[in-house]
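Visitor:
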Amino acid sequence: MKKRQDKTLSYIDKISKDIIEALENGTAPWIKPWSGSVTHDNAPFNPITGKQYEGINFLNLSLQSMAMNGDPRWMTFKQAQSLKAQVKKGEKGTSIQYWKFTKQIDKLDDDGKKILDANNKPIKVTQIAS
1 MKKRQDKTLS YIDKISKDII EALENGTAPW IKPWSGSVTH DNAPFNPITG
51 KQYEGINFLN LSLQSMAMNG DPRWMTFKQA QSLKAQVKKG EKGTSIQYWK
101 FTKQIDKLDD DGKKILDANN KPIKVTQIAS
């Protein structure tokens, strides 16, 4: 649990640093200058899933987009590979926060044995993660 907390704090520290730097440069992402900034049309999103990023990930990826080329498209390395796309040499990844509140566990019978499907694989059920 401690390692997860350290990663979360490190992520928050990095975003805090980026926000302070944006404020010092006069480019806060929540202020829309007349020349344009992050809008609904260019908000960070995943072009594979179509999902628009929210919360702290929206803020983080908006800051990163503004600091780089303004491209709002973000995807995983594996998603880029699935498109046969190439990541430019020297490019770095950007961290986001992903919270998973459920987990898949094997379904058990009354005797505590795994229940198997027709392919002899354990049937899974969703459980709220603790």
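Residue 47 in the UniProt record's numbering is what sits at position 47 of the sequence shown, and the numbering runs on without skipping anything.
Positions of the beta carbon are idealized from the N, C-alpha and C atoms, including for glycine.
Because the structure is a prediction, the values reported are computed rather than measured.
(1) Closest to residue 71 by CA distance: which of 111, 47, 12 and 81 is it?
(2) Which of helix, strand or coil does DSSP assign to residue 101?
(3) Is any heavy atom in the ligand MN found nearer than 7 Å to the beta carbon of residue 82?
(4) Give every residue of the same chain whose Cβ lies closer than 8 Å to the Cβ of residue 107, excluding the five residues on either side of it in the sequence, and list them in chain order.
(5) Could you give the C-beta distance for residue 11 and residue 95, rounded to a whole number, given that I count them as a contact under 8 Å?
(6) By the DSSP assignment, the beta strand (DSSP E) with residue 128 in it spans what residues?
(7) How is the alpha helix (DSSP H) around residue 63 delimited, first residue to last?
(8) Tell me the DSSP bridge mates of residue 116?
(9) For residue 74, count the other beta carbons within 10 Å of its own beta carbon; 16 or more makes it buried, fewer makes it exposed. Which is it?
(10) Kindly list the residues whose CB is nearer than 6 Å to the CB of residue 53, restricted to its own chain and excluding five residues on each side of it in sequence; keep chain order.
(11) Under 8 Å between the Cβ atoms of residue 97 and residue 128?
Guide: Per the coordinate set shown:
(1) Position 71 of the sequence shown, counted from the first residue, corresponds to residue 71. Looking at the Cα atoms, 47 is the closest of the given residues.
(2) By one-based count along the sequence shown, residue 101 stands at place 101. Per DSSP, reduced to three states, the secondary structure at residue 101 is coil, with no helix or strand assignment.
(3) Looking at this structure, you won't find the ligand MN or any other ligand, since it has none at all.
(4) To locate residue 107, count along the sequence shown from 1; it is residue 107. Within the same chain, and ignoring the five residues on either side of residue 107 in sequence, the residues whose Cβ sits closer than 8 Å to its Cβ are 114, 115, 122, 123, 124 and 125.
(5) In the sequence shown, the residue the question calls residue 11 occupies position 11. In the sequence shown, the residue the question calls residue 95 occupies position 95. With 8 Å as the limit, residue 11 and residue 95 qualify as a contact, their Cβ atoms being about 6 Å apart.
(6) Translated into the one-based positions of the sequence shown, residue 128 becomes position 128. DSSP places residue 128 inside the beta strand (DSSP E), whose first and last residues are 124-128.
(7) In the sequence shown, residue 63 corresponds to position 63, counting from 1. That run of the alpha helix (DSSP H) goes 55-67.
(8) Within the sequence shown, residue 116 is the residue found at index 116, counting from 1. Answer is 122.
(9) Numbered from 1 along the sequence shown, position 74 holds the residue referred to as residue 74. By the neighbour-count rule (16 or more Cβ atoms within 10 Å), residue 74 is buried.
(10) Along the sequence shown, read from residue 1 onward, the residue named residue 53 stands at position 53. These residues qualify, in order along the chain: 44 and 61.
(11) To locate residue 97, count along the sequence shown from 1; it is residue 97. To locate residue 128, count along the sequence shown from 1; it is residue 128. The beta carbons of residue 97 and residue 128 sit no closer together than 8 Å.
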